[in-house]
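Chemist: The following block contains the structure, expressed as structure tokens.
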Amino acid sequence: MKDILLRCASVDGSIRLFCCTTINIVEEARLIHNTYPVTTAALGRMLTAGSMMGTMLKSEKDQITLQINGRGPAGSIVVVSDITGDVRGYIANPYVDIPLNDIGKLDVGGVVGKNGVFTVIKDLGLKEPYIGQVPIISGEIGEDLASYFASSEQTPTAVALGVRIAQDGKVDSAGGFIVQVMPEANDHTIDLLENNVSNIKSVTDIISDRGIEGLIEIVMKDIEYTIHEKKEIKYRCNCNRDRLEKALVALGSKEIKEIIDDQGQAELICHFCNKKYQFNKEQLQEILKKIIQD
Ligand SMILES: [Zn+2]
């Protein structure tokens, strides 16, 4: 089963719904980053949010980055997506194991922490990227994202993000939805939607029992809707040698000289996919030349 993202709206256009399954995406992230169950859940919720927000972008060149850092033991979590909904991410400290929370679930809020901000960066090809930031509410991510939509984009939004981990540590269900109420929505529709959303206990149970279509039927119960887009989404990194070379250039000439003198070579590892890039002495000297010429 592939991961699927669906974009739909009520027939009158007053309700917008994005929903997706991310079982493969989160499982791939787990394998890349060696996350423990609770950090798999935290990174997985971020990846799920990032994918849906990517598909809200307007142009193929646009890029969106979500970052949460609440000074918890997991450290910063960053995910990047674009209009395709394909997504990549990393977590500063994947090796965290803490007890379940009060309701017996993986304590995502506990590993993320609450002392910090949730940041959304949209690179829309303009001179400066758009940056929106809200204080973290719970660190559970869904709630923090809803707070971002309410305060930065003035759109009432309900968010549900979930990752369920099997006994063996593998991801066995993952996905979520973002549902937004446009200003023209009437009270009756809003009441229906609020009722539908508040009745949802577990988004991962719905996905594993009834699939993505089942999830839409539950969120949009008694509201007429149309599906506008359905597509496959995946974990995808777009790193390449050029990008990593730019990272070396950014270190500056002093640092590069030190690497040449001390190690005689450099190995850079992509944060998002763990791919390794080697630079030998000659290549480092070329980079140094370029920096000095500029
Ligand atoms: Zn990469």
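Numbering (our numbering), first residue to last: 3 to 296.
Don't be surprised by glycine CBs; every beta carbon is placed ideally from N, CA and C.
How long is the line joining the alpha carbons of THR121 and GLN135, rounded to whole angstroms?
Modeler: 4 Å
Chemist: Alpha carbon to alpha carbon, what distance is there between ASP99 and ILE93?
Modeler: 14 Å
Chemist: Under 6 Å Cβ to Cβ from LYS233, same chain only, skipping five residues before and after it: list those, please.
Modeler: LEU7
Chemist: Would you tell me roughly how many angstroms separate the C-alpha atoms of LEU124 and ILE70, rounded to the nearest one?
Modeler: For the record, residue 124 in the displayed sequence is Lys; it is not Leu. Approximately 15 Å between the Cα atoms of the pair.
Chemist: So who's on the other strand from ARG166, going by DSSP bridges?
Modeler: SER175
Chemist: Determine, using beta carbons only, whether ILE85 and THR57 come nearer to each other than 8 Å.
Modeler: Taking 8 Å as the Cβ cut-off, ILE85 and THR57 qualify as a contacting pair.
Chemist: Let me confirm a value: HIS35 is counted as buried when at least 16 other C-beta atoms fall within 10 Å, else exposed. Which label applies?
Modeler: With 16 or more Cβ atoms within 10 Å of its Cβ, HIS35 is classed as buried.
Chemist: Would you call the segment 187-196 and the segment 167-176 touching, i.e. three or more CB-CB distances under 8 Å?
Modeler: Here the segment 187-196 does not lie against the segment 167-176, with fewer than 3 beta-carbon pairs under 8 Å apart.
Chemist: Using the beta carbon as the reference atom, which residues fall closer than 6 Å to any heavy atom of ligand 1, ordered along the chain?
Modeler: Those residues that have a beta carbon less than 6 Å away from any non-hydrogen atom of ligand 1 are, in order along the chain, CYS239, CYS241, CYS272, PHE274, CYS275 and LYS277.
Chemist: Would you give the residue range spanned by the alpha helix (DSSP H) that HIS273 belongs to?
Modeler: DSSP places HIS273 outside any alpha helix (DSSP H), giving it a letter other than H or E.
Chemist: So, does the segment 275-293 touch the segment 246-257, judging by three or more C-beta pairs under 8 Å?
Modeler: Contact between the segment 275-293 and the segment 246-257 is present, because at least three Cβ pairs lie under 8 Å.
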